[in-house]
Structure formats: structure tokens, C-alpha cells
Amino acid sequence: MIKLFRFLKPYRIPVSGVLILFLLQSLAELYLPTLMSDIVDTGIVKGDIPYILKVGSLMLVVAMVSGICIIIASYLSSLAATGFGKDLRSKVFSQVESYSLHEFDQIGTASLITRTTNDITQVQQVLIMIMRMMVSAPMMCIGGIIMAVSKDAKLSLVLVVAIPILAAAIYVVAIKGVPLFKAMQVKLDKLNLVLRENLTGIRVIRAFNRIDHENMRFNEANRDLTGTAIKVNKIMAALMPIIMLVMNFTTIAIVWFGGIRVDRGDMHVGDMMAFILYAMQIMFSLVMVSFMFVMVPRAEASAVRINEVLDTVPEIKDPAEAKSADSIRGFVEFKDVTFSYPGAEQPAVSNISFSLRPGEVTAIIGGTGSGKSTLISLIPRFYDVDSGSILVDGVDVREMTQESLRAKIGFVPQNAVLFTGTVADNIRYGKEDAADEEVRRAAQTAQVMEFVANMKEGFGSVISQGGANVSGGQKQRLSIARALVRRPEIYIFDDSFSALDFKTDAKLRSALKKETVDSTVLIVAQRAGTVMDADRIIVLDDGQIVGMGSHQELLKTCEVYREIVSSQLSEEEIA
Ligand code: ADP
Ligand code: MG
């Protein structure tokens with residue numbers, strides 16, 4: 043957790059303010075019992091009213107100073123802690139943004155969300171506690187002991203008995219409680235995971251009548267968390283009566299033995315009263331410290347999880363010296379590329395070589411799991427190749443900045459993803475400053491107009507979270523429009539026509555053809571009809587290229603292609 047405190051740096055001033063104020067406050071608190079004993083021993087015993095008023099008003103002032111210190115310090119500590127939380131959250135977020143897909147696979151989306159929210163909150167809360175107690179608890183404890191001993195050294199023997207008993211009780215409770223606190227964090231993670239899966243998978247759960255099953259799963263996770271929380275709280279609840287018991291017995295002992303000493307004339311009554319207050323202060327500061335021992339390990343578990351996110355170095359980084367490739371446009375070349383997912387036994391794609399040129403349409407066809415999506419995700423450098431290289435406009439993708447590389451590409455992913463916002467917002471996602479005319483044109487080409495015209499507010503209609511209020515085919519068309527508005531050099535369509543009916547598919551592709559005559563187009567598809575008229579077709583099987591050429595050529599030479607085509611088209615269509 044210490045490592046995370048570097049994020050407190052911008053808040054040095056409020057933090058030091060808090061520490062100084064609490065120092066002042068504990069000094070004031072330590073001074074009060076002494077003043078009180080003066081009033082009792084000098085003022086009341088001698089009946090000196092002016093003295094009582096004088097010292098009494100001094101007490102009032104000291105108490106007020108202490109109160110004001112606490113108020114300002116609380117304000118400053120909240121300021122520093124919330125600022126710390128804000129900075130840390132934005133740091134974690136931007137770190138996650140820089141992750142390549144590999145790191146996402148590693149930590150998991152649900153856990154990333156918990157780490158950015160709940161875990162940071164945990165650390166933030168403990169931070170406030172630490173700031174408040176770091177100075178005042180040791181001050182009150184040590185200062186209290188010094189003051190108590192100075193009031194009456196012999197009576198301090200009572201504390202020598204009481205403090206170890208208290209410490210032992212706290213120790214036992216902490217030993218039992220801390221592991222449970224840590225377990226709670228893991229159980230909360232589990233609860234979040236189940237909840238998240240339930241919310242995103244609600245349609246499947248309904249469709250398969252798994253509501254009871256999911257209820258059970260959630261209840262189990264919930265009960266598990268609740269059980270641990272109750273156990274922890276029972277243990278913590280036991281602490282308070284023990285503390286009170288020890289404190290009250292200490293008071294009795296002080297009054298008992300103090301009474302004897304006062305009777306003998308070894309001690310003043312006021313000193314004894316002050317002594318009781320110092321004893322309370324010492325014990326309370328011990329209790330505070332013990333609470334910290336419980337809270338810190340809990341936050342420590344969170345801090346470890348946060349540091350894990352911060353310390354993960356993204357696998358894909360921009361080169362130190364980026365090359366630019368502005369002279370030629372739209373050339374892509376795969377040179378003997380092999381790539382495997384981390385942990386996979388076999389490469390997902392291997393020994394891939396081909397090139398794309400502007401003005402040409404290249405199609406990739408192959409069964410599911412043959413590596414089509416994997417292959418094209420290498421072009422925008424979502425993953426880095428294991429061997430071989432990919433050149434875009436003559437430069438290795440690893441030697442360009444990711445930004446300049448991706449600026450050349452209009453990517454339509456297999457799963458169309460939309461964002462909350464209007465239809466126009468979603469299209470403009472491809473090009474922020476696109477004029478209305480450009481948006482309209484992209485929408486026309488992508489056959490978006492067809493359904494947008496029927497929407498109540500046209501381009502201003504709101505798309506709900508995840509695009510839940512549009513159909514699969516409409517989502518695909520919107521994400522095609524988003525790529526089109528960019529007018530990139532290279533278009534990549536990953537199975538982006540699969541949810542369209544044949545008529546819309548044909549209309550879209552003929553419109554697309556006009557729009558992309560000068561660009562490089564790469565289309566991934568399952569349907570033979572979609573790829574037939576491409577300039578070049580690449581047939582992929584088990585991660586390897588088993589055929590490349592035009593429709594007619596492949597029919598003659600490639601067995602896999604013939605099988606795919608004959609399973610989908612009639613004899614006349616093939617010819
Ligand atoms: P296609 O798009 O041709 O249907 P993919 O390229 O999506 O096929 O998948 C090719 C292979 O790579 C599959 O066997 C799949 O299991 C594996 N794969 C895909 N994505 C991942 C991933 N993120 N991590 C590990 N393996 C993956
Ligand atoms: Mg795919």
C-alpha cells in the first residue's frame with residue numbers, strides 16, 4: 043500500500059496540514075486534564091472563584107482550539123483522500139486503456155471493474171483513518187503515559203496491569219478477524235462476478251429457464267459473503283465490551299488505590315481525576331491503533347490488486363522511434379506470419395503470406411474457428427505476431443505508432459459494438475469532426491437510412507446501452523457506417539454481413555463497391571455469395587492458407603473451397 047501513496051504527492055499540503063492540526067489537537071487534549079486538576083486542587087479546595095473562572099475559560103479556549111483543529115483536519119483529510127482516489131482511478135483507467143487485448147484476457151473484465159471501484163474505495167477509507175491516527179494515536183498514548191506518570195508514578199502501576207490485558211484482547215481479536223476480512227474481499231469479487239454475468243446474460247438465462255439456477259448461484263455467493271461478514275462483526279463486536287470492561291475496571295482500580303493515596307495525603311483529588319482521564323486517553327489511543335491493524339490488512343489486499351493493474355506492462359507498445367509511412371497508401375503485406383494465443387498449444391494462424399493493394403477487394407473464407415478473426419486482428423496490432431511480419435504501407439506495424447497505424451484502418455468487428463448516444467454520435471465515433479453530410483453519406487452507403495428513416499427522431503434517435511434497441515443486422519450496418527465515415531485507406535470487414543438478409547447484403551455491397559473503389563478492402567465471410575466476386579479469395583483452414591485466387595480458379599484447384607461453395611450454392615450459381 044505504501045507504493046500507492048505516491049499518488050498523495052499532489053496533496054502534500056493538505057496532508058501535512060492534517061498532521062500538524064492533529065498534533066495540535068492532541069496537545070490540547072493532553073493539556074485539558076491538567077487544567078482540570080488545577081481547578082479542583084487550587085480553585086475549589088481554596089474556594090478561589092476568580093481562579094476557577096480564569097482557568098475555566100482557559101479550558102474552554104483549549105477545548106475550542108481542539109474542536110476547530112478536528113473540523114479543519116477532517117475537511118483537509120477528506121480533500122486529500124478523495125483527490126487521491128480520483129487520481130488513482132484515472133491512473134488505473136488510463137492504464138487499462140493502454141492494455142492490449144492480451145492483458146484484458148489475463149485479468150478479466152469483471153475484476154478490472156471491481157479493482158477500479160471497490161478496491162480503490164477501500165484504500166481511500168483506510169487512508170483517511172491513517173491520516174487521522176498516525177499522529178494523534180502515538181501522541182495521546184505516549185503523552186498520556188508521560189502525563190500520568192508525572193501526576194503520580196506509583197498509581198501508574200495500575201496501567202502496567204491494565205494495558206497488557208487490553209493489548210492481549212486486541213491481539214486475539216485481530217488474529218481472528220484479519221484473515222476473515224481478507225476472505226471477504228475475495229467473496230465480494232465472486233458476488234460481483236455472478237451479478238455481472240447475470241445482468242449481461244439475462245436473455246440467455248430467461249430463454250433457458252435458468253432463473254432458479256442463477257438465483258441459487260447468487261444466493262450462495264451472497265450467503266457466503268454475509269456469513270463471513272457476520273462472523274467478522276461478531277468478533278469485532280466482542281472487542282467493544284472487553285475494552286469497556288477493562289477501562290471501567292481500570293477506573294475503579296484508580297479510584298480505589300488513588301483514594302487510599304489521597305487519604306494518606308500523598309495525592310490531590312484533582313490529580314487523581316486527571317489521572318483517570320489520562321488513563322482513558324491512553325487506552326483509547328490503543329484501541330484506535332488496533333482498529334488500524336484490522337483495517338490496514340484489508341486495504342492491503344485491495345492495494346495489491348490495484349498495483350497488479352498498475353504494474354502490468356502492456357505487451358504492445360509504441361516504438362521509441364516511430365516510422366511514418368505517408369508516401370504510399372493502402373498496401374498491406376503479410377510475410378510468413380505465425381501467431382498463437384498465450385497458452386494455446388497450436389498456433390491460431392501459421393505461415394500466412396499474402397498482400398493487399400488499393401483498389402482491390404480481397405476476401406477470406408473458412409469455417410468457424412479457422413482463424414479468420416485472429417488473422418485480421420493482427421493488422422491493427424491487437425496482438426503481435428510470433429514470427430514473420432506485417433507491413434502496412436511498407437512499414438512493419440511494430441515500427442509505427444499504434445495511433446497512426448489505426449488511423450489508416452476502418453475496422454468493422456465481428457461483434458458489432460455500439461455506444462450509448464444517438465445514431466449520429468455512433469457514426470461520428472469513426473470521425474469526430476465529420477460534417478452532417480459525411481454522416482448522411484456513410485449512412486446511405488451502409489443502408490442505415492432504411493431504418494433510421496423509420497425511427498422517431500432520425501439521426502437523433504438514442505441507441506441504448508450496448509445497442510440493445512436495434513437488431514443485430516442494424517447494429518452491423520451502423521458499425522459499417524462508422525468505419526465508412528472515416529474514409530480510411532484500408533477497410534476490414536469481419537463477417538459484417540452475416541446478420542443481413544440477402545437483399546440488403548447485395549444492396550450494401552454494391553453501394554460499398556462504389557464508395558471504396560480506391561481503397562484496400564478485406565472482407566471476411568462465411569457465405570460464398572459474399573466472396574464470389576472479390577478480386578482475390580483466400581481460403582483458410584485450421585489457421586493455414588489452403589488456397590488463393592479467384593472464384594473460378596479456386597473451384598478448379600481448391601478442394602476446401604469447392605466443399606464450402608457446393609454446400610451453399612446451386613450448380614447454376616456456382617458457374
Ligand atoms: P474464426 O474467426 O475463423 O471463426 P477465430 O480467429 O475467432 O476464428 O479463432 C481461431 C482460433 O483461435 C479458435 O480455435 C479459438 O479457439 C482461438 N481463439 C480465438 N480468440 C482467442 C483468445 N482471445 N484467446 C485464446 N484463443 C482464442
Ligand atoms: Mg471470426
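What the sequence shown shows, in the working numbering, is residues 43 to 617, in sequence order.
Even glycine gets a Cβ: it sits at the ideal position worked out from N, Cα and C.
Distance from the Cα of Ile522 is smallest, within the candidate group Arg578, Phe539, Ser140, Leu65, for Phe539.
By the 16-neighbour rule on beta-carbons within 10 angstroms, Ile285 is buried. The Cβ atoms of Val138 and Leu154 sit closer than 7 Å to each other. Three or more beta-carbon pairs drawn from the stretch 480-490 and the stretch 525-535 are found closer than 8 Å, and the two stretches are therefore classed as touching. Note on His255: under 16 other CB atoms within 10 angstroms of its CB, so exposed under the neighbour-count rule. For Thr404, the distance from the CB to the nearest heavy atom of the ligand ADP is not below 6 Å. By the Cβ rule, the stretch 349-369 does not count as touching the stretch 65-81, because fewer than three pairs are nearer than 8 Å. Pairing Thr380 with Gly452 gives a Cβ-Cβ distance that is not under 7 Å.
As for any beta strand (DSSP E) of minimum length 3 sitting wholly inside the stretch 398-485, the runs are 403-407, 429-434, 451-454, ordered along the chain. For the pair of segments examined, the stretch 324-333 was found to touch the stretch 169-186: the number of CB pairs separated by less than 8 Å reaches three.
Boundaries of the beta strand (DSSP E) around Val374: 374-381.
Here DSSP, grouped into helix, strand and coil, assigns Gln586 to strand. Environment of the ligand ADP, chain-ordered: Asp147, Tyr383, Ala386, Ala390, Gly408, Thr410, Gly411, Ser412, Gly413, Lys414, Ser415, Thr416, taking every residue with Cβ within less than 6 Å of a heavy atom.
Here Leu564 carries a strand assignment [DSSP, helix/strand/coil].
Three or more pairs of CB atoms, one per stretch, sit closer than 8 Å, so the stretch 108-123 contacts the stretch 63-72. Our two residues, Ala390 and Asp543, have alpha carbons roughly 30 Å apart in a direct line. Per DSSP, Phe535 is one residue of the beta strand (DSSP E) stretching across 532-536.
Counting the other CB atoms within 10 Å of its CB gives Met590 a total of 16 or more, which places it among the buried residues. Ile579 is bridged by DSSP to Ala405, Gly591.
Per the coordinates, the alpha-carbon of Glu441 lies some 15 Å from the alpha-carbon of Lys377. Using a 10 angstroms sphere on the CB of Pro455, the tally of other CB atoms reaches 16 or more, which defines it as buried. Partner residues in a beta bridge of Val338, as assigned by DSSP, do not exist. Contact between Ala316 and Met78 is confirmed by a C-beta separation of about 6 Å, below the 8 Å threshold.
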